[in-house]
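Sequences listed follow chains X and B, in order. Residues in the first sequence are numbered consecutively from 235, following our numbering. Residues in the second sequence are numbered consecutively from 73, following our numbering. Take a look at the structure below.
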Amino acid sequence: DAKTTQPNSMESNEEEPVHLPCNHSTISGTDYIHWYRQLPSQGPEYVIHGLTSNVNNRMASLAIAEDRKSSTLILHRATLRDAAVYYCILRLGAGTASKLTFGTGTRLQVTL
Amino acid sequence: EAQVTQNPRYLITVTGKKLTVTCSQNMNHEYMSWYRQDPGLGLRQIYYSMNVEVTDKGDVPEGYKVSRKEKRNFPLILESPSPNQTSLYFCASSPLQGSSYNEQFFGPGTRLTVL
Chain X
235 DAKTTQPNSM
245 ESNEEEPVHL
255 PCNHSTISGT
265 DYIHWYRQLP
275 SQGPEYVIHG
285 LTSNVNNRMA
295 SLAIAEDRKS
305 STLILHRATL
315 RDAAVYYCIL
325 RLGAGTASKL
335 TFGTGTRLQV
345 TL
Chain B
73 EAQVTQNPRY
83 LITVTGKKLT
93 VTCSQNMNHE
103 YMSWYRQDPG
113 LGLRQIYYSM
123 NVEVTDKGDV
133 PEGYKVSRKE
143 KRNFPLILES
153 PSPNQTSLYF
163 CASSPLQGSS
173 YNEQFFGPGT
183 RLTVL
């Protein structure tokens, strides 16, 4: 599996934007970039995914570099509820379910 | 409410005493999976199932069994638990097609301690 690299931790102030980076220099052409997050004492939850183009949904935006070797998850206005571990995951292909290979993620702290 | 449920949420047991952790989903998903989460190792897949009566090993299947007799249920069985199976376990499900096939839905977790 292609590997992702994320900072261990980041901090943000409430109501400010947060940019969570992910490097995936060995990504293949068929790998999708997925982001999940895990709130304290909960199971992971899906945030967003993309292949080549930038993506937006109600939770976040995903900016993908032109060469696809890195991506950034953007939380537009962080709240205390966004404090979680964020995982950047490369997932093979589309159309069929496949396992998610979680790394150690980025622990995001949000302060008042 | 669409959800994945796991029972029990917490379990303390002793070495060798067979146990089953249940997982159920109400979203009619074909794909179901079990993960374990350990400090410093992230989540690792134990077993998965693409549909009823179709199961396969993940990355760390040793010491575990699963079954998929019904679409909604995917129990994890530890025939003879050992202390190295002390972990936090998550069940997940997803559809194999449709608008949300890329999204896996996770249960709340089962914290297992084997003494």
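Idealized CB from N, CA, C, for every residue including glycine.
Residue-level contact check: glutamate 134 of chain B does not touch chain X, since none of the beta carbons of chain X fall below 7 Å from its beta carbon. Phenylalanine 162 of chain B: member of the beta strand (DSSP E) spanning 159-166, first to last residue.
With a threshold of 7 Å between beta carbons, glycine 263 of chain X makes no contact with chain B. The beta carbon of lysine 90 of chain B sits closer than 8 Å to those of Ile149, Leu150, Glu151, Ser152 and Pro153, all from its chain and outside the five residues before and after it, given in chain order. In the assembly as shown, isoleucine 267 of chain X is a buried residue. Its beta-carbon has 16 or more other beta-carbons within 10 Å. Rounded to whole angstroms, the separation of the alpha carbons of arginine 311 of chain X and serine 304 of chain X is 22 Å.
Close to tyrosine 120 of chain B, with beta-carbon spacing below 7 Å, are these residues of chain X in chain order: Lys333. Between the region 158-172 of chain B and the region 99-110 of chain B there are three or more inter-stretch CB-CB distances shorter than 8 Å, so the stretches are counted as touching. For the options B:Pro147, B:Tyr107 and B:Pro133, the alpha carbon positioned closest to that of valine 124 of chain B is the one of B:Pro147. Counting only the Cα atoms, arginine 144 of chain B lies some 12 Å from methionine 122 of chain B. Our two residues, asparagine 156 of chain B and asparagine 79 of chain B, have alpha carbons roughly 20 Å apart in a direct line. When C-beta distances to chain B are compared with 7 Å, the residues of the region 282-302 of chain X below that value are His283, in chain order. Counting only Cβ-Cβ distances below 9 Å, tyrosine 266 of chain X has contacts in chain B at Asn174, in chain order. The three-state secondary structure of asparagine 156 of chain B, taken from DSSP, is helix. Contact between leucine 296 of chain X and leucine 307 of chain X holds, since their C-beta atoms are separated by about 6 Å, short of 8 Å. For the region 269-283 of chain X, the residues whose beta carbon sits under 7 Å from a beta carbon of chain B are, in order, Gln276, Gly277, Pro278, Glu279, Tyr280 and His283.
About 13 Å separates the beta carbons of glutamine 240 of chain X and threonine 335 of chain X, which is beyond the 8 Å limit, so they are not a contact pair.
When 8 Å is used as the limit between beta carbons, glutamine 97 of chain B is near no residue of chain X, the shortest such separation being about 12 Å. For glycine 181 of chain B, the nearest CB of chain X lies under 7 Å from its own CB, placing it at the interface with that chain.
Assigned with DSSP and collapsed to three states, arginine 341 of chain X falls in strand.
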